[in-house]
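Peer 1: Per the working numbering: the sequence shown = residues 28 to 126.
Shown below is the structure under consideration.
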Amino acid sequence: MQSVYEERFERDMGCTEADWLRWLPDAIGDRHWKRQERTVGVRIGDGALGLKWLVAEPRVIAQVQMPRLHVSFRFAGVDEATRYTFMKRFDLYMQRGGG
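Put into structure tokens, the structure is as follows:
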């Protein structure tokens, strides 16, 4: 987790699109959201979060291939404290692996 989440940022996620779509509802929680193709709009108070993703080439390390999504996060009308609270939950739900 980060200590600050900007209004706009991008991430590479180590998952398939099917994994992402399966995990997304729990990561968003009880907020209203709507999906269209490879985008999702999430209502956060009086503001919103736009998520947009592209399936990227897998990350290859030696003979291991890891799926990868390139995800853009775009907050609008969401203050810093609310972004932090939302993303803290989001990151915990999306986190996989140990450590």
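Each residue gets a CB set at the ideal place from its N, CA and C atoms; glycine is no exception.
It should be emphasised that the depicted structure is a prediction, and the values quoted were computed from it without experimental measurement.
Among the candidates Y120, R110, L119 and R49, whose CA atom is the shortest distance from the CA of R70?
Peer 2: Along the sequence shown, read from residue 1 onward, the residue named residue 70 stands at position 43. The residue with the shortest Cα to Cα distance from R70 is R110.
Peer 1: CA-CA distance, V91 and D46?
Peer 2: Residue 91 sits at position 64 when you count from the first residue of the sequence shown. Residue 46 sits at position 19 when you count from the first residue of the sequence shown. Inter-residue distance for V91 and D46 is about 18 Å (C-alpha atoms, whole angstroms).
Peer 1: For V105, which residues from the same chain have a beta carbon less than 6 Å from its beta carbon, with the 5 sequence-adjacent residues on both sides left out?
Peer 2: For the purposes of this step, residue 105 is taken as the residue at position 78 of the sequence shown. The beta carbon of V105 is closer than 6 Å to those of I71 and G74 in its chain, skipping five residues each way along the sequence.
Peer 1: Closer than 6 Å by C-beta to S99: which residues in its own chain qualify, once you throw out the five before and the five after it? Chain order, please.
Peer 2: Counting from 1 along the sequence shown, the entry for residue 99 is found at position 72. These residues qualify, in order along the chain: E37 and K79.
Peer 1: DSSP puts T112 in a beta bridge; with which residues?
Peer 2: As a first step, residue 112 must be located in the sequence shown, where it is residue number 85. Bridge partners of T112: none, in fact.
Peer 1: Quick one: what does DSSP say A45 is sitting in, helix, strand or coil?
Peer 2: Within the sequence shown, residue 45 is the residue found at index 18, counting from 1. Note: A45 maps to helix in three-state DSSP.
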